[in-house]
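Everything below concerns the one structure shown next.
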Amino acid sequence: MDISSFEHPVIQFEADRWDAEFSKEIQEKAIESIENGSVLFFPRLNFSLLPEETKFLEPSWVSGAKNISYDPRNSSLKGAEGKTEDLKLLSGMLKRYAQKTKEFLHLLFPFYGSSLRIARTSFRPVEISGRPTSPRKDDTRLHVDAFPSSPTGGERILRVFSNINPSGKPRSWRIGEPFPQYLKHLLPQLESPTPGKRFLLYVLGITKGYRSLYDHYMLELHDKGKLDLPYQKNSPQVAFDFPAGSTWIVFTDQVLHAVDKGQFLLEQTFHIKIEALKHPEKSPLKLLEAALNKKLVSV
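Just so we're aligned, residue 10 is where the sequence shown starts under this note's numbering, counting upward by one.
Next up, the structure:
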């Protein structure tokens, strides 16, 4: 399918600085586009590494996981192995990316203001194509983001991605149909939670917070969508290559996406409360509540 004919295309914006200034018209276009389910693409917005940081462009820094994780809220680094001074330098690189993306989003989306909350930073130096994994963890299958151990309670998942591949190789995505159609397809397959299971997961420390009904049904969509092989093969989808040196922004809990290939990616996660959105009625929470005819989070 041609990307230009797709209902929720990748929309290109121009910026080549993390402290770029945007007109009110561009800010309005950006927030309308992203809340409608589009991917905002900045082809010239590159995150440049310092000379001493280029040594991290090797998969050997990963300690058995698929990515290296940094938490800017407490400066903790996970999933990396190396000398203390190197890990400190790596933490500094990821901290800088977190700061740059936060600054950029505040400039692009002033409407969100202080409701935009920073979460984890990820560095993915491992090639995703051909990596062995289980079906539910296979990100080469179309999915919306939902996390078994980290419930959001209905908050949105906004992510900034930057391709820093030193060889000029793209990050190859496929983008699926809009969320309402995806939900309509899988709705008959969604199962109610087992009584007591969500509480048990919480008290045992398996989940970092109590799993709301919203989180349960988002996991159902995530898992059943990935396991539905005819849907994976035959559903509407478009391919798009994000070139090295580019950045893109997307609500990954809303936009159906898959990653076919790519290596050396930076990723910054943010959360936004549902009431801070310009169009909360277009969020997965409100669409799920309408489809199931019940409230899925406690007020």
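Beta carbons are placed, not taken as given, at the ideal position from N, Cα and C, and that holds for glycine.
{"query": "As a quick exercise: from 213, 198 and 199, pick the residue whose alpha carbon is nearest that of residue 205.", "result": "213"}
{"query": "Measure how close the beta-carbons of residue 172 and residue 253 come, nearest whole angstrom, since I'm counting them as under 8 Å.", "result": "5 Å"}
{"query": "Name the DSSP bridge partner or partners of residue 40?", "result": "Beta-bridge pairing links residue 40 to no other residue."}
{"query": "So, helix, strand or coil for residue 305, using DSSP?", "result": "coil"}
{"query": "I'd like the list of long-range same chain contacts for residue 267, defined as Cβ closer than 6 Å, with 5 residues on each side in sequence excluded.", "result": "149, 150, 151 and 183"}
{"query": "Starting from the C-beta of residue 280, find all residues in its chain whose C-beta is less than 6 Å away, skip the five residues before and the five after it, and write them out in chain order.", "result": "126, 128 and 164"}
{"query": "Any chance the segment 132-149 sits against the segment 54-67, with 3 or more Cβ pairs inside 8 Å?", "result": "yes"}
{"query": "With distances taken from CA atoms, which of 158, 257, 238 and 139 is nearest residue 209?", "result": "158"}
{"query": "How big is the Cα-Cα spacing for residue 231 and residue 237?", "result": "10 Å"}
{"query": "Spell out the partners DSSP gives residue 185 in its beta bridges.", "result": "246"}
{"query": "What's the gap between the Cα of residue 110 and the Cα of residue 245?", "result": "31 Å"}
{"query": "Measuring CA to CA, which of 60, 90, 104 and 226 is closest to residue 74?", "result": "90"}
{"query": "How big is the Cα-Cα spacing for residue 25 and residue 242?", "result": "36 Å"}
{"query": "Would the beta-carbon of residue 185 fall within 8 Å of that of residue 265?", "result": "yes"}
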